[in-house]
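*Asks:* Residue numbers (full-length UniProt numbering): 1 to 382.
By construction, the Cβ of each residue, glycine as well, lies at the ideal position given by its N, Cα and C atoms.
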Amino acid sequence: MDERILRERAFFHWLYNIEGIGRKTIRKLMGAVGSAERVFGMEEEKLALLLSPAQRKKLLDARKQTRIRQGYEALRKKGIDLYPASDPMYPRRLLYIPDRPEAIYVKGTLPDENVPAVAVIGARVCSAYGAYAAQQFSSALASAGISTISGLARGIDGIGQRAVLEQDGRTCAVLGCGPDVCYPPENRELYEKIVRQGAVLSEYPPGTQPKAGLFPQRNRIISGLADLVLVIEAREKSGTLITVDMALEQGKEVWAVPGRVTDELSSGCNRLIWQGASPALSPSALLEELRKLSRKPVETNREISTLEAHTESESDGEREDVLRRAVLNLLDFSAKSPDRLYEELKQAGISCGLVQLMQLLVEMTLEGNCTQEGNRFRRKMS
C-alpha cells in the first residue's frame with residue numbers, strides 16, 4: 001500500500017473525530033487545501049477564514065495530538081479501515097451523489113464495483129408475505145452473483161441479508177451508527193457474518209451510538225451504492241420512502257413489490273408503482289432488468305474497438321474526438337451513470353480518466369448531445 005495513502009487515511013481519521021467539525025466543514029477544508037494532512041498543518045490565519053471561532057479552537061486543540069499514525073493503526077487492529085473520498089478504495093458509486101460522505105469507515109470487504117448491486121429495503125415490522133418476498137428476491141439476486149445493499153435493520157433488511165448469506169452471496173450493511181456498533185443488538189450474529197462475507201460500513205466514527213437523526217442520512221448511502229432499489233413492503237409514510245426519494249434524486253431505478261390494496265404494509269409500494277416505479281412481479285423480471293442495465297451493444301463495441309485501433313498515431317484532439325464518438329455510441333435512451341460508461345469504455349479498449357469522462361459528459365450536455373438525469377446521462381431525444 002502506498003505510504004501517502006496510509007498517511008492520508010490516518011490524518012482523515014484524526015480530522016473526522018474532531019467534535020464540531022462535520023462533513024460540510026470538512027468538505028470546505030478539503031476544497032481549500034486538498035488533503036487532511038494539509039489541514040493539520042494549516043496556518044491559524046487561514047483557518048480563521050474557514051472556521052467559526054469555536055471550530056477553530058476545537059481543531060487547534062486536536063492538533064496538539066501527535067500520535068496520528070498510532071490512532072489509525074489502533075483502528076485497523078479492530079478490523080476497521082477508513083476510506084476518504086480521494087482514496088482508491090472509496091466506492092465510485094458514491095463519488096457523485098448529492099452530499100456524499102467525505103469518508104467511510106469499513107469493516108470487512110466492499111463488494112466488487114464491477115458487479116451490479118441492488119438495495120433491498122422495506123418495513124421493519126413486515127408481514128409473512130413481505131418476509132417471503134424478501135427471502136425469494138434476495139436469494140435469487142445472490143445466486144445470480146448480484147451484490148445487495150441494505151441497513152441491517154429488523155424486518156425486510158435483515159431477512160434479505162440472511163437469505164443472501166445462505167446462498168454464499170455478497171452483501172453490504174450501511175449503519176446509522178459507528179461500524180463497530182451492532183444495531184439492533186439482536187442482529188449480532190448477522191452482523192458478524194456480514195463482516196466475514198461482505199462489509200459493514202458507516203460514515204460515522206467508531207463508537208458512535210445509534211440516534212434517530214442518523215438513520216435518514218445513511219439512507220442516501222444505501223441507494224448510492226446500488227444500481228437499482230427494490231422496495232418490499234412499506235407504509236405510505238415510512239423511512240423506507242426516504243431512501244426511495246434519495247434514490248430518485250440520484251437517478252437510480254426503483255422497483256416495488258406490489259401487494260393487496262387492503263394491506264397497509266403494501267400501500268407505499270402500490271403508490272410507488274402508481275407513480276411510475278416498476279412492479280417487481282418476480283425475481284426473474286428483476287434479473288432481466290439488471291441484465292439490460294449491464295448489457296453492452298455488440299456492434300457499438302466493435303465500432304469503438306475499430307476507432308481505438310487508430311488512436312496511437314492521432315493527436316490529442318483526434319483522441320478526444322474518438323472518445324466523444326465512443327461515448328455517443330454507448331449512450332442510448334436508458335440513462336447510464338458515468339461509472340457504467342467508464343467501465344464499458346474500458347472493456348471496449350478505450351482509455352480515459354473518470355474525471356475526463358465527467359468533463360466530456362458535461363460538455364455534451366451543454367452542447368445538447370445528451371441529457372442529464374440526476375447523476376446519469378442519456379442520449380438526447382429528438
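Any contact between the segment 215-225 and the segment 116-126? By contact I mean 3 or more CB pairs, one from each, below 8 angstroms.
*Replies:* The segment 215-225 vs the segment 116-126: in contact.
*Asks:* Pair every Cβ in the segment 105-120 with every Cβ in the segment 39-54, then say whether three or more of these pairs are closer than 8 angstroms.
*Replies:* The answer is no - the segment 39-54 does not touch the segment 105-120, with fewer than three Cβ pairs under 8 angstroms.
*Asks:* So, helix, strand or coil for Cys269, using DSSP?
*Replies:* As a first step, residue 269 is located in the sequence shown; it is residue number 269 there, counting from the start. Here Cys269 sits in helix by DSSP.
*Asks:* From Cys352 to Met364, what does the alpha carbon distance come to, in whole angstroms?
*Replies:* To locate residue 352, count along the sequence shown from 1; it is residue 352. To locate residue 364, count along the sequence shown from 1; it is residue 364. Each residue's alpha carbon lies about 16 angstroms from the other.
*Asks:* From this set, Leu59, Ala348, Lys346 and Lys336, which residue's C-alpha is nearest Leu361's C-alpha?
*Replies:* Counted from its first residue, the sequence shown places residue 361 at position 361. If we check each option's Cα against that of Leu361, Lys336 comes out closest.
*Asks:* If you draw a straight line from the alpha carbon of Pro101 to that of Gln161, how long is it in whole angstroms?
*Replies:* The residue labelled residue 101 in the question sits at position 101 within the sequence shown. The residue labelled residue 161 in the question sits at position 161 within the sequence shown. Near 23 angstroms, if we compare the C-alpha coordinates of Gln161 and Pro101.
*Asks:* From the DSSP secondary-structure annotation, give me the bridge partner or partners of Glu373.
*Replies:* Residue mapping note: residue 373 aligns to position 373 of the sequence shown, counting from 1. Arg376.
*Asks:* Using beta-carbon positions only, say whether Glu8 and Ser35 come within less than 8 angstroms of one another.
*Replies:* Translated into the one-based positions of the sequence shown, residue 8 becomes position 8. Translated into the one-based positions of the sequence shown, residue 35 becomes position 35. Against a cut-off of 8 angstroms, the Cβ pair of Ser35 and Glu8 comes out as a contact.
*Asks:* Check each candidate in Ser202, Ala103 and Leu225 and name the one with the smallest Cα separation from Leu214.
*Replies:* Counting from 1 along the sequence shown, the entry for residue 214 is found at position 214. Nearest C-alpha to Leu214: Ser202.
*Asks:* What does the alpha-carbon distance come out to for the pair Arg378 and Met42?
*Replies:* In the sequence shown, counting from the first residue as 1, residue 378 sits at position 378. In the sequence shown, counting from the first residue as 1, residue 42 sits at position 42. Going from the Cα of Arg378 to the Cα of Met42 covers about 43 angstroms.
*Asks:* Determine which residues share a DSSP beta bridge with Ser86 and list them.
*Replies:* The count along the sequence shown starts at 1 and reaches residue 86 at position 86. Answer is none; Ser86 lacks a bridge partner.
*Asks:* Just tell me which of Ala142, Ser278, Gly155 and Leu94 has its CA closest to the CA of Ala131.
*Replies:* Stepping through the sequence shown from its first residue, residue 131 is reached at position 131. Ranking the options by Cα distance to Ala131, first place goes to Gly155.
*Asks:* Can you give the Cα-Cα distance for Tyr183 and Ile194, rounded to whole angstroms?
*Replies:* Here residue 183 is taken as the residue at index 183 of the sequence shown, counted from 1. Here residue 194 is taken as the residue at index 194 of the sequence shown, counted from 1. One C-alpha to the other measures close to 13 angstroms.
*Asks:* In three-state DSSP terms, what is Leu228?
*Replies:* Here residue 228 refers to the residue found at position 228 when the sequence shown is read from its first residue. If DSSP states are grouped into helix, strand and coil, Leu228 belongs with the strands.
*Asks:* Can the beta-carbon of residue 433 be found closer than 8 angstroms to that of Lys107?
*Replies:* Because the chain in this structure spans residues 1 to 382, residue 433 falls outside the shown range and cannot be described.
*Asks:* Helix, strand or coil, according to DSSP, for Glu344 in the structure here?
*Replies:* Within the sequence shown, the letter at position 344 stands for residue 344. Glu344 falls in the helix class under three-state DSSP.
*Asks:* Does the distance from the C-beta atom of Gly268 to that of Tyr129 stay below 8 angstroms?
*Replies:* Here residue 268 refers to the residue found at position 268 when the sequence shown is read from its first residue. Here residue 129 refers to the residue found at position 129 when the sequence shown is read from its first residue. No.
*Asks:* Would Asp339 and Arg170 be called neighbours here (beta carbons separated by less than 8 angstroms)?
*Replies:* As a working note, residue 339 is residue 339 in the sequence shown. As a working note, residue 170 is residue 170 in the sequence shown. Cβ distance not < 8 angstroms, so Asp339 and Arg170 don't count as in contact.
*Asks:* Expressed to the nearest angstrom, what Euclidean distance is found between the alpha-carbon atoms of Leu168 and Gly20?
*Replies:* Indexing the sequence shown from 1 puts residue 168 at position 168. Indexing the sequence shown from 1 puts residue 20 at position 20. Before going on, a small fix: residue 168 reads as Asp here, not Leu. Straight-line Cα distance between these residues: approximately 41 angstroms.
*Asks:* How about the segment 56-70 and the segment 139-146: do they share at least three Cβ pairs that are nearer than 8 angstroms?
*Replies:* Segments in contact, no.
*Asks:* Which residues in the same chain as Arg69 place their Cβ atom closer than 6 angstroms to its Cβ, once the five residues preceding and following it in sequence are excluded?
*Replies:* Looking up residue 69 in the sequence shown gives position 69. Around Arg69: Ala10.
*Asks:* State the DSSP-derived secondary structure class of Leu152, mapped to helix, strand or coil.
*Replies:* On the sequence shown, position 152 is the one that residue 152 refers to. Here Leu152 sits in coil by DSSP.
*Asks:* According to DSSP, is Tyr183 part of a helix, a strand, or is it coil?
*Replies:* Numbered from its first residue, the sequence shown carries residue 183 at position 183. Coil, per DSSP.
*Asks:* Assuming Ile104 is part of the beta strand (DSSP E), what are its boundary residues?
*Replies:* Sequence index remark: in the sequence shown, residue 104 carries index 104 (1-based). Run containing Ile104: Ala103 to Gly108, per the beta strand (DSSP E) assignment.
*Asks:* For a quick check, are the C-beta atoms of Ile232 and Ala103 less than 8 angstroms apart?
*Replies:* Against the sequence shown, residue 232 aligns to sequence position 232. Against the sequence shown, residue 103 aligns to sequence position 103. Cβ atoms of Ile232 and Ala103: not closer than 8 angstroms.
*Asks:* Considering just the uninterrupted stretch of the alpha helix (DSSP H) at Gly41, what are its terminal residues?
*Replies:* On the sequence shown, residue 41 is found 41 positions in, with the first residue counted as 1. Unbroken run through Gly41: none, as it is neither H nor E.
*Asks:* In whole angstroms, what separates the C-alpha of Asp157 from that of Leu272?
*Replies:* Mapped onto the sequence shown, residue 157 falls at position 157. Mapped onto the sequence shown, residue 272 falls at position 272. Cα to Cα, Asp157 sits roughly 19 angstroms from Leu272.
*Asks:* Compute the minimum distance between the beta carbon of Glu373 and the heavy atoms of the ligand FAD, and state whether it is under 7 angstroms.
*Replies:* The ligand FAD is absent from the structure shown, which contains no ligand whatsoever.
*Asks:* May I have the straight-line CA-CA distance separating Ser266 from Pro283, to the nearest angstrom?
*Replies:* Here the question's residue 266 lines up with position 266 in the sequence shown. Here the question's residue 283 lines up with position 283 in the sequence shown. The alpha-carbon atoms of Ser266 and Pro283 are separated by roughly 18 angstroms.
*Asks:* Report the option in Tyr204, Leu241, Leu290 and Gly349 whose CA atom is closest to the CA atom of Val115.
*Replies:* Looking up residue 115 in the sequence shown gives position 115. Checked all of Tyr204, Leu241, Leu290 and Gly349; the closest Cα to Val115 is Leu290.
*Asks:* Which class does Leu281 belong to by DSSP, given the choice of helix, strand or coil?
*Replies:* For the purposes of this step, residue 281 is identified with residue 281 of the sequence shown, where counting begins at 1. Residue state, collapsed to three classes: coil.
*Asks:* From Ser150 to Ala247, what does the alpha carbon distance come to, in whole angstroms?
*Replies:* On the sequence shown, residue 150 is found 150 positions in, with the first residue counted as 1. On the sequence shown, residue 247 is found 247 positions in, with the first residue counted as 1. Whole-angstrom Cα-Cα distance: 13 angstroms.
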